[in-house]
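Heads up, the thing below is written out as structure tokens.
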């Protein structure tokens, strides 16, 4: 057998590795590892999309999963149609520009729906979402008359989703429903239904919050004819630096009779309530069950309150202070501090009303409460010793 010409090691050009002689066992290359695409890279591959006019709503809904940024510029949503952005990819950015409008139809809505994870929603400078609610307003709200669409279903917004600088005007009934959300931040939103004061607006709630956690609302301005904020259920909710005008104030509840009847760790702070029926209100439904725990009202200024400066009731039945209070929805670990309103309540109203069931209001903190101008309520019940009524 002829000797090998030479046991030279051959260098594989371009491969950057050394090969053995031809008689050596062939090397098996390790499979290449491909890194999973990052969210940032995935977003870079998707388009920025602008939609406008009467076909903008339909096009945006159909294309939403393909767009990293969705710009809604002067979109005119047809009657009976939801501007539906409920199938967004994670991390999508939604921008409203110009004026967004909706056609008229008697239906329940919503007019706008947005869902998703890590979603950024913002209003460009000068933009407005105009519900033109006067077309539906008849003084009945959701209690009768024509069927009115709810406005904005902000549901199942999770991760680090945010809503910034939205300017909402003249909603037919309720403005913003926050439900099933986790970690949502709302900043500098304006809800202006002030035209409804003389135009028949009713049940135009600002924010209705349910079954959500970690929701923070900062710098909101709400002009309306119902609750500025109503937390019906949820945990770790904060409303701060807000202005509430014309409505029913900052409310917990009503709690009881829903699928979720737990309110825990809710804070309202550093806000002003003016020209409203109520200032602070906690509503527990008579005969129902649930829990209201860890609610704080702090640094609230009241002015021109027509009915109740502070109202805490466990006999709510769709109306205030009806019948005997019950104990099925206890109100515990309540803090009321630094509530000011010298002459903040009109002479026909009541400064403070507390009606609790037997043993159902406990572990309260009450300090720095100075609400005057109205009458004393002579039928307070089961008031914790630290509070005054």
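Numbering (my numbering), first residue to last: -5 to 383.
Idealized CB from N, CA, C, for every residue including glycine.
- Here the C-alpha atom of residue 86 lies approximately 9 Å from the C-alpha atom of residue 58.
- When secondary structure is reduced to three states using DSSP, residue 148 falls in the strand class.
- Taking all protein chains in view, the Cβ of residue 352 is surrounded by fewer than 16 other Cβ atoms within 10 Å, so the residue is classified as exposed.
- Spanning the alpha carbons of residue 364 and residue 211 requires a straight line of approximately 26 Å.
- For residue 251, no beta strand (DSSP E) run applies, since DSSP gives it neither H nor E.
- Exclusion of the five residues before and after residue 122 leaves 93, 161, 163 as the residues of its chain whose Cβ lies within less than 7 Å of its Cβ.
- Residue burial annotation: residue 135 is buried, with at least 16 other C-beta atoms found within 10 angstroms of its C-beta.
- For residue 57, the secondary structure class from DSSP, reduced to helix, strand or coil, is helix.
- Non-local beta-carbon contacts of residue 129 in its own chain, meaning distances under 6 Å to residues more than five positions away in sequence, involve 98 in chain order.
- Note on the stretch 45 to 127: whole alpha helix (DSSP H) runs with a minimum of 4 residues are 50 to 57, in chain order.
- Distance between residue 79 and residue 65, taken at the CA atoms: about 12 Å.
- The DSSP-derived three-state label of residue 191 is helix.
- Nearest Cα to residue 110 within the set 139, 155, 270, 104: 155.
- Taken through DSSP and simplified to helix, strand or coil, residue 129 comes out as helix.
- Taking C-alpha positions only, residue 383 is separated from residue 84 by approximately 50 Å.
- One Cα belongs to residue 359, the other to residue 327, and the distance between them is close to 7 Å.
- Remark: C-beta atoms of residue 310 and residue 278 approach each other more closely than 8 Å.
- Per DSSP, the unbroken beta strand (DSSP E) holding residue 208 starts and ends at 206 to 212.
- Nearest neighbour of residue 141 by Cα position, chosen from 70, 167, 116, 119, turns out to be 167.
- Residue 242 is positioned such that its CB atom lies no closer than 8 Å to that of residue 258.
- With respect to the 8 Å criterion, residue 298 and residue 269 are classified as neighbours on the basis of their beta carbons.
- In terms of CA proximity to residue 102, 73 leads the group 73, 118, 116.
- Exclusion of the five residues before and after residue 374 leaves 348, 383 as the residues of its chain whose Cβ lies within less than 6 Å of its Cβ.
- Check the Cα spacing between residue 112 and each of 267, 95, 88: the tightest is with 88.
- Boundaries of the beta strand (DSSP E) around residue 163: 161 to 163.
- Of 372, 340, 330, the smallest CA-CA separation from residue 361 is found for 330.
- Cβ-Cβ distances below 6 Å link residue 377 to 348, 383 in the same chain, with the five nearest sequence neighbours on each side left out; the list follows chain order.
- Cβ-Cβ distances below 6 Å link residue 71 to 51, 77, 96 in the same chain, with the five nearest sequence neighbours on each side left out; the list follows chain order.
- Comparing C-alpha distances from residue 147 to each of 254, 120, 117, 106 shows the shortest one belongs to 106.
- One thing to note: residue 317 has its Cβ within 8 Å of the Cβ of residue 280.
- The residue from 152, 366, 224, 265 with its alpha-carbon nearest to that of residue 238 is 265.
- For residue 90, the CB contacts under 6 Å within the same chain, skipping 5 residues up- and downstream, are 66, 117, 121 in chain order.
- Non-local C-beta neighbours of residue 287 in its own chain, meaning closer than 6 Å and more than five positions away in sequence, comprise 258, 326, 327, ordered along the chain.
- Remark: C-beta atoms of residue 366 and residue 323 do not approach each other more closely than 8 Å.
- Taking the C-beta atoms as reference points, residue 47 is found nearer than 8 Å to residue 68.
- Shown here for residue 208: same chain residues with a beta carbon closer than 6 Å to its own, the five before and five after excluded, namely 176, 177, 230 in chain order.
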